[in-house]
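K.L.:
Protein chains in written order, with the numbering used here: chain S, 22 to 145; chain D, 3 to 291.
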C-alpha cells in the first residue's frame, strides 16, 4: 500500500491517529514526544490538514515506526471502543395493565428475571 | 535519577527476572534508624534486589541526618535508587494519559485533590489534550498539595510522599509485572495504605487497567516488621517488652486470624502494647498493615 493512498484518505488517517493515541494511553503531547513530531504538526495530521505530500510522508513514517505498524494497519485501524464487547441486558413485559399471568408463566418469568439479574451482578 | 540512569533502571526492570523490590516511606526509615542496633539493615534488606525512594519522600528523609545516613549505608545491602517523579513518564513508556489516571486514582481518598486535578489539570478537556506531564506535575505539587513551613525552613507538601509512593508502586505493578514478583512498601502511614487500597479498587474497575496482569502490592508496617523479627529470632523474648516500650505505641492494626473451624476472621482495631505482645505469640495471626 502506498503513502499516496493514505494521503488521499488523510481525514480518516487523522481520526485513526487520534484513536491510536487514545487507545494506547498517550496524550497528544506525549505522542508528539515519542514520534518526534511537533505538537502543531501533529494537530494538523489529526485534523487531516497536512497539504504537502512530502511533509505527510515524513511524519506518517515516524508514526508507523513508533507504533510498529504498516500503512495498511494505519488505514484500517479499528478503535478499541468499536471492538469492545458490549453486553446489553434487556427484559420487557408487554402485558396489558392489570393482566394476570397464569401461575406457570409467572414462575417462568420469575426464573428469567432472576437469571438476568444474576448476569448483571456477575458479568463484570 | 535523570537521563541515562532512568533508562538503565527500565532495562533492569525488563530483564524478566523475578525481582523483589521495596519502596521506602519516610516514617519507616525513621523507625529503622531507632532499631538499627537491634536489627541490622542487612537482615532487613538483603532479600530485596532493589530499594527505591521517590524524590518527594527523599526530600523528607533529608530533613534528618540520621535518616539520610541510614539510606546511604543501605547501598552496602542492595541497589538503592532515588527516583524523580518527572521520570515516571519514562517508566510508563510515555503513556501520559494512563499516568494521569494513576495520579488521579491514588488521590481519590482526598476529594479536594480530585477536584483540583479535574479543575486545574484536566481543565474540562479530553485527557489526550493534557498539558505536558512536567507542567501538570509541577502545578499539582506546587499548587495542589497543602503546604506547611517546617522549622528548618523547608516547605512541606502534605501527602506528597504517600501519593508518589502509591503511583510508583502501581507503575511497577502494571508496567513491569513480568519482571517483578514482589513490590513491598515499607510504611506505617495509614494514608499510604489507604491511597494504595483505594486506587486498587478503582483500577480493578477501569477499562484501561482491569484486564491487565499486575503484581500485588504488599506492605510492611513497623508492627509487621516487629512480628517478623520476633519470628526470626532477631529480638529475643526477654527483650521484647523493653523493645516495644521503647519503639512502639498503640496503633490500629489490620490483620487476619484463623478460627477453630479454619475460617479466617478479618480485624482492624486499635492494639496497645500488651495486646500486641499477645498477638506476637499467636501463630494463627497474619498482619496485613
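C-beta atoms are modelled at their ideal positions from N, C-alpha and C, and glycine is treated no differently. Source: prediction; values computed, not measured.
Rounded to whole angstroms, what's the CA-CA distance from residue 86 of chain D to residue 140 of chain S? Just pull it up for me.
P.N.:
45 Å
K.L.:
Give me the chain S residues within the contact set of residue 97 of chain D, using Cβ-Cβ distance strictly less than 8 Å, ordered along the chain.
P.N.:
The contacting residues are 45, 46, 47, 51.
K.L.:
Kindly identify the DSSP beta-bridge partner or partners of residue 81 of chain D.
P.N.:
D:52
K.L.:
Using a beta-carbon distance below 9 Å, is residue 55 of chain S in contact with chain D?
P.N.:
yes
K.L.:
Going by C-alpha to C-alpha distance, which of D:59, D:161, D:121 sits closest to residue 109 of chain D?
P.N.:
D:161
K.L.:
Determine whether the Cβ of residue 94 of chain D lies closer than 9 Å to any Cβ atom of chain S.
P.N.:
yes
K.L.:
Check the C-beta distance from residue 282 of chain D over to residue 232 of chain D and give it rounded, since I have them as a contact under 8 Å.
P.N.:
5 Å
K.L.:
Kindly list the residues whose CB is nearer than 6 Å to the CB of residue 166 of chain D, restricted to its own chain and excluding five residues on each side of it in sequence; keep chain order.
P.N.:
56, 58, 87
K.L.:
Any idea which residues DSSP pairs residue 45 of chain D with across the strands?
P.N.:
Paired residues: none, contrary to the question.
K.L.:
Out of D:279, D:224, D:263, D:211, point me to the one whose CA is closest to residue 241 of chain D's CA.
P.N.:
D:279
K.L.:
What residues from the stretch 134-166 of chain D come within 8 Å of chain C, judged by C-beta to C-beta, listed N to C?
P.N.:
No chain C appears in the structure shown, which is made up of the protein chains S and D.
K.L.:
Counting Cβ pairs closer than 8 Å, one from the stretch 115-126 of chain D and one from the stretch 27-46 of chain D, do we hit at least three?
P.N.:
Result no; under three Cβ-Cβ pairs closer than 8 Å.
K.L.:
Report, in whole angstroms, the separation of the C-beta atoms of residue 15 of chain D and residue 187 of chain D, which I expect to be a contact under 8 Å.
P.N.:
Between residue 187 of chain D and residue 15 of chain D the Cβ distance is about 17 Å, and since that is not below 8 Å, they are no contact.
K.L.:
Whose Cβ in chain S lies nearer than 7 Å to the Cβ of residue 132 of chain D?
P.N.:
48, 50
K.L.:
Can you have a look at residue 99 of chain S and say buried or exposed, based on whether 16 or more other CB atoms are within 10 angstroms of its CB?
P.N.:
exposed
K.L.:
Taking contact to mean 3 or more Cβ pairs, one atom from each stretch, closer than 8 Å, check whether the stretch 22-32 of chain D and the stretch 135-151 of chain D are in contact.
P.N.:
no
K.L.:
Helix, strand or coil, according to DSSP, for residue 162 of chain S in the structure here?
P.N.:
Outside the shown range of chain S (22 to 145) lies residue 162 of chain S, about which nothing can therefore be said.
K.L.:
With respect to the beta strand (DSSP E) encompassing residue 186 of chain D, which residues constitute its N-terminal and C-terminal limits?
P.N.:
182-188
K.L.:
Using only the alpha-carbon positions, how far apart do residue 63 of chain D and residue 24 of chain D sit?
P.N.:
16 Å
K.L.:
Give the interface partners of residue 87 of chain D over in chain S, defined as CB-CB distance under 8 Å, in chain order.
P.N.:
Those do not exist, as residue 87 of chain D stays about 15 Å from chain S at its closest Cβ, beyond 8 Å.
K.L.:
Could you confirm whether any beta carbon from chain D is found closer than 9 Å to the beta carbon of residue 42 of chain S?
P.N.:
yes
K.L.:
Taking all protein chains shown into account, do 16 or more other C-beta atoms lie within 10 angstroms of the C-beta of residue 131 of chain S, making it buried, or fewer, making it exposed?
P.N.:
exposed
K.L.:
Is residue 195 of chain D helix, strand or coil by DSSP?
P.N.:
helix
K.L.:
Residues of chain S with CB closer than 9 Å to the CB of residue 91 of chain D, please, in chain order.
P.N.:
51, 54
K.L.:
Which value, in whole angstroms, describes the spacing of the CA atoms of residue 4 of chain D and residue 291 of chain D?
P.N.:
Residue confidence for residue 4 of chain D is low, a pLDDT of 48 falling below 50, so the modelled location carries little weight and cannot support an answer.
K.L.:
What in chain S is Cβ-close to residue 169 of chain D, meaning under 9 Å?
P.N.:
Those within 9 Å of residue 169 of chain D in chain S number zero; the least Cβ separation is about 14 Å.
K.L.:
Drop a sphere of 10 angstroms on the beta-carbon of residue 80 of chain D, count the other beta-carbons inside from all chains shown, and report buried for 16 or more, exposed for fewer.
P.N.:
buried
K.L.:
Taking the beta strand (DSSP E) that residue 93 of chain S belongs to, which residues open and close that run?
P.N.:
Taken as a continuous stretch (DSSP letters only), residue 93 of chain S belongs to no beta strand (DSSP E), being part of the alpha helix (DSSP H) at 92-96.
K.L.:
Once you ignore the five residues that flank residue 76 of chain S on each side, which residues in its own chain have a CB closer than 8 Å to its CB?
P.N.:
62
K.L.:
Can you give me the C-alpha to C-alpha distance between residue 21 of chain D and residue 249 of chain D, rounded to a whole angstrom?
P.N.:
Each residue's Cα considered, the two are about 31 Å apart.
K.L.:
Quick one: what's got a C-beta closer than 6 Å to residue 269 of chain D's C-beta in the same chain, skipping five residues either side?
P.N.:
If we look at residue 269 of chain D and ignore the five residues flanking it on each side, its Cβ neighbours are 257.
K.L.:
Under the three-state reduction of DSSP, which class applies to residue 212 of chain D: helix, strand or coil?
P.N.:
coil
K.L.:
Can you pull the chain S neighbours of residue 210 of chain D, defined as C-beta to C-beta under 9 Å?
P.N.:
46
K.L.:
Note down, in chain order, all residues in the stretch 96-125 of chain D with a beta-carbon under 9 Å from any beta-carbon belonging to chain S.
P.N.:
Identification of residues in the stretch 96-125 of chain D having a C-beta nearer than 9 Å to some C-beta of chain S yields 96, 97, 98, 99, 100, 101, 102, 103, given in sequence order.
K.L.:
Do the CB positions of residue 1 of chain D and residue 220 of chain D come within less than 9 Å of each other?
P.N.:
This structure cannot speak to residue 1 of chain D, because chain D is shown only from 3 to 291.
K.L.:
Any Cβ of chain D within less than 9 Å of the Cβ of residue 39 of chain S?
P.N.:
yes
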